[in-house]
């Protein structure tokens, strides 16, 4: 273990880097930390070499020996995943904030300065910095504007649950938070969602690219590994966390969209059609308790039609219908747009539309914005029915106003 120089003051931010066979990507990663405009005196690096065999550990120690940034390097046997190195780094961190930087990725030069300034100004416990992909995709919907305090339930920040965020360390220490080392997929989503739910607010820095998410040419990334069992484990853990902290209702439904659509539903996509019956049986068995515990009609109205239909088939245990919809998607067919109801509302005619004995028409109704054949389909706004008490008050008000308008001679 190489110890960092001792400092009398607390750093603003600890950059925690868990690294496993990260060469040559690690070189640019470290250079991006050294180039931070926040300055060497306001940060530290805690790097964990997780049993690398390609010179990663030596690269970290060479960098620590020459950089002006206080840095500690820990070399340990391989732990089998990112959670162990991150937890070890968190134990050693001294900064007011921590940032988990993957060794494949790199910062924009002003990233830490901007995110720390935002956290201090807004008083929030989690700060999201804009992420873009390099040789890979990256989520985009949450970077529309810079926000000092974002609403978790109505915004798209719930769809970015990777660990590459700025976290106030006091929150993590106070709650005893750590990455779940038993989970092999989705451990960062569980950690980040807990910080979202239990922390004092979330900020978004969207007007500057803070983080570059790199796709490795050798494809040696943990996010690409693991069988479907791990995905169900991840979905179960995240759904359970949300249910633990958010009571049933619209707010829980809004958050449950994330594990249902991003984690669970891809297991029942177009590829399901070519999978073996044994896999179908196992996936249906794994999904059944999740659907029973957490699926609600309110959640369904937050989804696109093809998403809702597949999940309703899962909830009903109808693999036959599910396979028909998956085949429709595999063949890239476009559903017909049909308007039904009073007033008429758009529906998408996926398989078995109009056969009420199979699935009700309401299952096919457009309730969120969709694109069909390059055409944008907007969901009509449903007017909420007033409460009983409000209807009574309105009726009484109409009666009084009507009496006042009636000429005196006509009153009884």
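Numbering (the working numbering), first residue to last: 2 to 413. The beta-carbon is built from N, C-alpha and C at its ideal position, and this holds for glycine as well.
What are the boundary residues of the beta strand (DSSP E) that includes residue i?
| i | result |
| --- | --- |
| residue 183 | Residue 183 -> no beta strand (DSSP E), and no H or E assigned at all. |
| residue 414 | As displayed, the chain neither begins before 2 nor continues past 413, which places residue 414 out of reach and without an answer. |
| residue 135 | 127-135 |
| residue 378 | 376-378 |
| residue 340 | 337-341 |
| residue 349 | 346-350 |
| residue 371 | 371-373 |
Go to residue i, then tell me how far its alpha helix (DSSP H) extends in each direction, as first and last residue.
| i | result |
| --- | --- |
| residue 250 | Premise fails: residue 250 is in no alpha helix (DSSP H) and is neither H nor E. |
| residue 70 | Careful: residue 70 lies outside any alpha helix (DSSP H) and carries neither H nor E. |
| residue 1 | Outside the shown range of the chain (2 to 413) lies residue 1, about which nothing can therefore be said. |
| residue 359 | Unbroken run through residue 359: none, as it is neither H nor E. |
| residue 121 | 112-123 |
| residue 306 | 306-317 |
| residue 325 | 320-331 |
| residue 84 | 84-93 |
| residue 300 | 298-301 |
With DSSP run on the structure shown, which of helix, strand or coil describes residue i?
| i | result |
| --- | --- |
| residue 289 | helix |
| residue 23 | coil |
| residue 54 | coil |
| residue 209 | strand |
| residue 1 | Lying before the first or after the last residue shown, residue 1 is absent from the chain, which here runs from 2 to 413. |
| residue 196 | helix |
| residue 154 | coil |
| residue 106 | coil |
| residue 163 | coil |
| residue 276 | coil |
| residue 14 | strand |
Exposed or buried, residue i, counting other C-beta atoms within 10 Å across all chains shown (16 or more means buried)?
| i | result |
| --- | --- |
| residue 242 | buried |
| residue 332 | exposed |
| residue 215 | buried |
| residue 259 | buried |
| residue 176 | exposed |
| residue 348 | buried |
| residue 106 | buried |
| residue 11 | exposed |
| residue 219 | exposed |
| residue 19 | buried |
| residue 38 | exposed |
| residue 307 | buried |
| residue 337 | exposed |
If you measure from the beta carbon of residue i to each beta carbon in chain C, is any gap under 8 Å?
| i | result |
| --- | --- |
| residue 160 | Of the protein chains in the structure, only one exists, and it is not chain C. |
Could you give the C-beta distance for residue i and residue j, rounded to a whole number, given that I count them as a contact under 8 Å?
| i | j | result |
| --- | --- | --- |
| residue 60 | residue 24 | 6 Å |
| residue 101 | residue 89 | So it is not a contact: roughly 12 Å between Cβ atoms. |
| residue 168 | residue 75 | With 8 Å as the limit, residue 168 and residue 75 do not qualify as a contact, their Cβ atoms being about 20 Å apart. |
| residue 211 | residue 112 | 4 Å |
| residue 346 | residue 366 | 6 Å |
> Using 8 Å as the threshold, is the segment 152-159 in touch with the segment 225-239, meaning 3 or more CB pairs across them?
Replying inline: Between the segment 152-159 and the segment 225-239 there are fewer than three inter-stretch CB-CB distances shorter than 8 Å, so the stretches are not counted as touching.
>> Whether or not the segment 259-271 and the segment 305-322 are in contact is what I'm after, with contact meaning three or more pairs of Cβ atoms, one per stretch, closer than 8 Å; do they touch?
In response: They touch, by the three-pair rule.
>> Any contact between the segment 321-337 and the segment 295-303? By contact I mean 3 or more CB pairs, one from each, below 8 Å.
In response: Taking 8 Å as the limit for Cβ pairs, the verdict is that the segment 295-303 does not touch the segment 321-337.
> So, do the segment 109-119 and the segment 36-56 have three or more beta carbon pairs nearer to each other than 8 Å?
Replying inline: Short answer: they touch.
>> Closer than 8 Å is the cut-off here; do at least three beta carbon pairs connect the segment 180-199 with the segment 137-147?
In response: The count of Cβ pairs closer than 8 Å, one atom from the segment 180-199 and one from the segment 137-147, stays below three, leaving the stretches out of contact.
> Is the segment 192-208 close to the segment 122-141, with three or more CB pairs under 8 Å?
Replying inline: Taking 8 Å as the limit for Cβ pairs, the verdict is that the segment 122-141 does touch the segment 192-208.
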